[in-house]
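Novice:
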Amino acid sequence: MVYPDVPLTLIILLSLLPWLALAELFGEARLLDAIFKEYKKEARPCHNVSKSVQVSLGFTLTRLDALTWKDDFLSWNPSHYDNTKRVTVSGKTIWQPDLALDNSVGDIYNGDFADHFRVSIHHSGEILWEPGGTFKTTCEMGINAYPFDHQTCDIVFASWQYTQDQVNLTTIQDTISMETYAENGEWEIEFTQIKRAVWSSDSHPNDLFPEIVVTIHVRRRYLYYLVNIMLPCMMMSLLVLVIFHLPPDSGEKVSLGVTVLLAFSVFQLMIAESVPTSSKSIPLIEIYLLFFMGESTFSVAVSVLVLNFHHRMEYKPPPDWLRKIVLDWMARLLFMRRIKASATYPINVNIQAEKRGTDVIEKAVLNLESETGNTTDENIDSKQTLATNFKTFTSSHLSRLGEPVKPMQTEQNPHRIPEIQIHLSESKSESVHSLHNETPIEDMKSKERNHLKTCDSTRFEPGDHTSTRGLSPEVARSAVRLIRSIAAIDKISNGSYRDELMTMIRETYRELCQQRKDDELDAVFENEWKRIAKIVDRFFFIMTSVLMIISTIVVFCGMPYSNHD
10 MVYPDVPLTL IILLSLLPWL ALAELFGEAR LLDAIFKEYK KEARPCHNVS KSVQVSLGFT
70 LTRLDALTWK DDFLSWNPSH YDNTKRVTVS GKTIWQPDLA LDNSVGDIYN GDFADHFRVS
130 IHHSGEILWE PGGTFKTTCE MGINAYPFDH QTCDIVFASW QYTQDQVNLT TIQDTISMET
190 YAENGEWEIE FTQIKRAVWS SDSHPNDLFP EIVVTIHVRR RYLYYLVNIM LPCMMMSLLV
250 LVIFHLPPDS GEKVSLGVTV LLAFSVFQLM IAESVPTSSK SIPLIEIYLL FFMGESTFSV
310 AVSVLVLNFH HRMEYKPPPD WLRKIVLDWM ARLLFMRRIK ASATYPINVN IQAEKRGTDV
370 IEKAVLNLES ETGNTTDENI DSKQTLATNF KTFTSSHLSR LGEPVKPMQT EQNPHRIPEI
430 QIHLSESKSE SVHSLHNETP IEDMKSKERN HLKTCDSTRF EPGDHTSTRG LSPEVARSAV
490 RLIRSIAAID KISNGSYRDE LMTMIRETYR ELCQQRKDDE LDAVFENEWK RIAKIVDRFF
550 FIMTSVLMII STIVVFCGMP YSNHD
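If you use our numbering, the sequence shown corresponds to residues 10 to 574, in order.
1) Skipping 5 residues on each side, what residues in its chain have a beta carbon closer than 6 Å to that of Q160?
2) Could you name the residues of the same chain whose beta carbon sits closer than 7 Å to that of E197, not counting the 5 residues immediately before and after it, in chain order?
3) Which residues mark the beginning and the end of the alpha helix (DSSP H) in which N177 is found?
4) What separation, rounded to the nearest whole angstrom, lies between the Cα atoms of C162 and Q105?
5) Which of helix, strand or coil does DSSP assign to K289?
6) If you drop the 5 nearest sequence neighbours on each side, which residues of the same chain put their C-beta closer than 6 Å to that of R321?
7) Under the assumption that I152 contacts L83 (Cβ atoms under 8 Å), give the Cβ distance between them as a whole number of angstroms.
8) Would you please state the rounded distance, in angstroms, between the beta carbons of L178 and V64? I believe it to be under 8 Å.
9) Output needed for S274: all residues of its chain with C-beta closer than 8 Å, excluding positions within five of it in sequence on either side, in chain order.
10) Just the Cα atoms here: how many angstroms apart are L70 and I164?
11) Which runs of the beta strand (DSSP E) spanning at least 3 residues fall entirely within the region 199-271, listed in chain order?
12) With a CB to CB cut of under 8 Å and the five nearest residues on each side skipped, what residues in its chain are close to E220?
13) If we call anything under 8 Å between Cβ atoms a contact, is F68 one with V223?
14) Quick one: residues in its chain with C-beta nearer than 7 Å to the C-beta of V96, no 5 flanking neighbours on either side, listed in chain order?
15) Report the rounded CA-to-CA distance for D337 versus M552, giving the unit in angstroms.
16) Would Q175 pass as a contact of S61 if the rule is Cβ separation under 8 Å?
17) Measuring CB to CB, does L343 end up less than 8 Å from F549?
18) Out of Y234, D91, E304, S113, which one is the CA nearest neighbour of S560?
19) At the level of alpha carbons, what is the spacing between T180 and L298?
20) Along the beta strand (DSSP E) that carries G67, what are the first and last residues, could you check?
21) Which residue marks the beginning of the beta strand (DSSP E) containing Q160, and which one marks its end?
22) How long is the line joining the alpha carbons of S290 and T146, rounded to whole angstroms?
23) Consider the Cβ of R72: report whether some Cβ of chain B lies at a distance smaller than 8 Å.
24) Mapping the DSSP letters down to three states, classify D91 as helix, strand or coil.
25) How far does the beta strand (DSSP E) with H128 in it reach, from first residue to last?
26) Can you tell me the Cα-Cα spacing of Y233 and P292, whole angstroms?
27) For K79, list the residues DSSP reports as bridge partners.
28) Tell me S113's beta-bridge partners as DSSP assigns them.
29) Using a threshold of 8 Å, state whether the C-beta atoms of S308 and G260 are closer than that.
30) Report the residue from T172, Y155, D80 whose alpha carbon sits nearest the alpha carbon of N215.
31) For T189, does the three-state DSSP call read helix, strand or coil?
32) In angstroms with no decimal places, state the Cα-to-Cα distance between S440 and D508.
33) What residue from E47, I136, S113, A43 has the CA that sits closest to Y90's CA?
34) If you count every other CB in all the chains shown that lies within 10 Å of the CB of D585, and 16 or more means buried, which is it?
35) Could you say which of K526, F157, S212, M187 lies nearest to F200 if we only look at CA atoms?
36) Would you check if the distance between the CB atom of V313 and the CB atom of V263 is smaller than 8 Å?
Listed below in structure tokens is the structure:
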């Protein structure tokens, strides 16, 4: 059937199209039969046996990009084969360079990419091979500066059997192409390099084998470690300094130090899990953390020492060498109030002054003992002398206690008579009344003793004394009231009872003075130990602060910076 509307030429072409395709197929088939008819893939692809085969390698970051070389036995004239300029064949059918991964973790030859990827043959004999696959290489990592470390890894491709006179490996470019690279959150590629090198075996040192060394220099991104490890360590290190400022009486110095030490231990375990296992070097962050752990341990030890000094209950003075080192040298170094060597023994002077005060009172009491019952001017002068001496004695001791010295108000306000004086007056009234009624002297003595014991226990109880730290002002005031009551003794007419009462008063006063002296000595010793504890605490606080600042500076100055920084 003829279609008059369809051109005759188009009908002819459509009818010849199957024959043209068949001719093309026959042309490539004829080409392959022609070029592989006498082809030996075991032979090097060059007519001149003395000539080296030039194999060029190209790389991207994710794969071995391309291998090119020229095969003299696989060239043809395209016009003889229907203008066929390129054919693709299996890699098993042609000669391939024995490219081996020198520093491979597994096999140096990867047969997968050699067998499964085809090669492209150009009519001039140029071969293009684009293999694929995964290469696993070894890379020795230096973790000295972890997590601020830089790593340099080499990938070595070498000709394993052919020397450089037979096969010469060259590079297409000097650096790795980064076109297919996706940025990594942990590593940053700083630079890459591709260079050619040669190597020789010990058995045949004259045979030089070519190799291509691909160098990749990477740097770890340390922001994650800085935020999650470094900054918490720095903040916890401030707690180490807080330990020195915590008052010893709080009872939490050692507990806080142990808590901080446990927190550092947890961070050390976290770092140990993320750092590559190696005994060749210690990471910088491990050294930094171990330093803080050492400081925390040291702070706990210092806290125990400070608590020992602060709560020292032996009531004996510190040794002379400790006073010299702490109260003199360390106090001067810390710009604290320094106690000189001549001022570190104020206790002996106080003891002598106290003894002189006791002698004055005893002399006054002896004067009263020698007096008669009449009220003469001499007795009045003796009483005034007693009051004056005791007022001087009491004022000096109250001023040492830091208490305001109150004037005696017996004469200014006779209504405010101390309790002991009132009780003694009542006792003396009873005793005088008893003498007139011829009461036995034993009953009077018993009543007076009981009354004095009641007064002494009422005005000077152990609880009242120990309620104040160090020297108790109540002790001195009790002594004042006791001595003021001596003025009423001259009203007692019985001489033997009067002598016995004077002896009891004198013994009571001696006990009060002795108690006051012991309290004052204990307070001075306790204050000295507490001052030593405070100076030691301040000294180690400053020393630890300086060491922390220096260690932090050393760590950050030890960071390896690249040229891009």
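The beta carbon of each residue, even a glycine, is placed where N, CA and C say it ideally should be.
Bear in mind the structure is a predicted one, so any value in this text is a computation, not a measurement.
Specialist: Straight from the coordinates:
1) If you number the sequence shown from 1, residue 160 lands on position 151. Around Q160: M150, V227.
2) Taking the first residue of the sequence shown as position 1, residue 197 is located at position 188. For E197, where only same-chain residues beyond five positions count, the Cβ hits under 7 Å are V227, R228, R230.
3) Residue mapping note: residue 177 aligns to position 168 of the sequence shown, counting from 1. Run containing N177: none in the alpha helix (DSSP H); it sits in the beta strand (DSSP E), 176-180.
4) Position 153 of the sequence shown, counted from the first residue, corresponds to residue 162. Position 96 of the sequence shown, counted from the first residue, corresponds to residue 105. Roughly 27 Å separates the two Cα atoms.
5) Here residue 289 refers to the residue found at position 280 of the sequence shown. Here K289 sits in coil by DSSP.
6) The count along the sequence shown starts at 1 and reaches residue 321 at position 312. For R321, where only same-chain residues beyond five positions count, the Cβ hits under 6 Å are W538.
7) Against the sequence shown, residue 152 aligns to sequence position 143. Against the sequence shown, residue 83 aligns to sequence position 74. In fact, because the Cβ distance is near 50 Å, the residues do not count as touching under 8 Å.
8) Here residue 178 refers to the residue found at position 169 when the sequence shown is read from its first residue. Here residue 64 refers to the residue found at position 55 when the sequence shown is read from its first residue. The pair is a contact, with the Cβ atoms about 5 Å apart (cut-off 8 Å).
9) Residue 274 sits at position 265 when you count from the first residue of the sequence shown. Hits under 8 Å: M302.
10) Reading the sequence shown from its first residue, position 61 is the one you call residue 70. Reading the sequence shown from its first residue, position 155 is the one you call residue 164. Each residue's Cα considered, the two are about 11 Å apart.
11) 218-229
12) Within the sequence shown, residue 220 is the residue found at index 211, counting from 1. Closer than 8 Å at the Cβ level, and outside the excluded window around E220, lie D111, V165, F166, A167, S168, L178, R205, A206, V207, W208.
13) Along the sequence shown, read from residue 1 onward, the residue named residue 68 stands at position 59. Along the sequence shown, read from residue 1 onward, the residue named residue 223 stands at position 214. Result yes, Cβ atoms of F68 and V223 sit closer than 8 Å.
14) Here the question's residue 96 lines up with position 87 in the sequence shown. Hits under 7 Å: E37, L40, L41, I130.
15) Here residue 337 is taken as the residue at index 328 of the sequence shown, counted from 1. Here residue 552 is taken as the residue at index 543 of the sequence shown, counted from 1. The alpha-carbon atoms of D337 and M552 are separated by roughly 18 Å.
16) By 1-based counting over the sequence shown, the position of residue 175 is 166. By 1-based counting over the sequence shown, the position of residue 61 is 52. Taking 8 Å as the Cβ cut-off, Q175 and S61 qualify as a contacting pair.
17) Taking the first residue of the sequence shown as 1, we reach residue 343 at position 334. Taking the first residue of the sequence shown as 1, we reach residue 549 at position 540. Result no, Cβ atoms of L343 and F549 do not sit closer than 8 Å.
18) The residue you call residue 560 lines up with position 551 of the sequence shown. Per the Cα distances, E304.
19) Counting from 1 along the sequence shown, the entry for residue 180 is found at position 171. Counting from 1 along the sequence shown, the entry for residue 298 is found at position 289. Those two C-alpha atoms are separated by around 46 Å.
20) In the sequence shown, counting from the first residue as 1, residue 67 sits at position 58. Run containing G67: 62-68, per the beta strand (DSSP E) assignment.
21) What you label residue 160 is simply residue 151 of the sequence shown in a count that begins at 1. Segment 159-168, the beta strand (DSSP E) holding Q160.
22) For the purposes of this step, residue 290 is taken as the residue at position 281 of the sequence shown. For the purposes of this step, residue 146 is taken as the residue at position 137 of the sequence shown. Cα to Cα, the separation comes out at about 22 Å.
23) Absent from the structure is chain B; it holds one protein chain and no more.
24) In the sequence shown, the residue the question calls residue 91 occupies position 82. Residue state, collapsed to three classes: coil.
25) In the sequence shown, counting from the first residue as 1, residue 128 sits at position 119. Checking the displayed sequence, the identity of residue 128 turns out to be Val instead of His. 128-131 is the extent of the beta strand (DSSP E) around V128.
26) Along the sequence shown, read from residue 1 onward, the residue named residue 233 stands at position 224. Along the sequence shown, read from residue 1 onward, the residue named residue 292 stands at position 283. Taking the straight line joining both Cα atoms gives about 16 Å.
27) Translated into positions along the sequence shown, residue 79 becomes position 70. DSSP lists E135 as partners of K79.
28) Locating residue 113 in the sequence shown gives position 104, counting from the first residue. T146.
29) What you label residue 308 is simply residue 299 of the sequence shown in a count that begins at 1. What you label residue 260 is simply residue 251 of the sequence shown in a count that begins at 1. Going by C-beta atoms, S308 is not nearer than 8 Å to G260.
30) Start at 1 with the first residue of the sequence shown, and residue 215 comes out as number 206. It is T172 whose Cα lies nearest to the Cα of N215.
31) In the sequence shown, the residue the question calls residue 189 occupies position 180. Coil.
32) Indexing the sequence shown from 1 puts residue 440 at position 431. Indexing the sequence shown from 1 puts residue 508 at position 499. With a pLDDT of 37 at S440, under the threshold of 50, the modelled position of that residue is not reliable, and no figure is offered here.
33) As a working mapping, residue 90 is identified with position 81 in the sequence shown. Here the closest residue by C-alpha is A43.
34) Outside the modelled stretch of the chain, which goes from 10 to 574, sits residue 585, for which no answer is possible.
35) Counted from its first residue, the sequence shown places residue 200 at position 191. Looking at the Cα atoms, M187 is the closest of the given residues.
36) By one-based count along the sequence shown, residue 313 stands at place 304. By one-based count along the sequence shown, residue 263 stands at place 254. Contact: yes.
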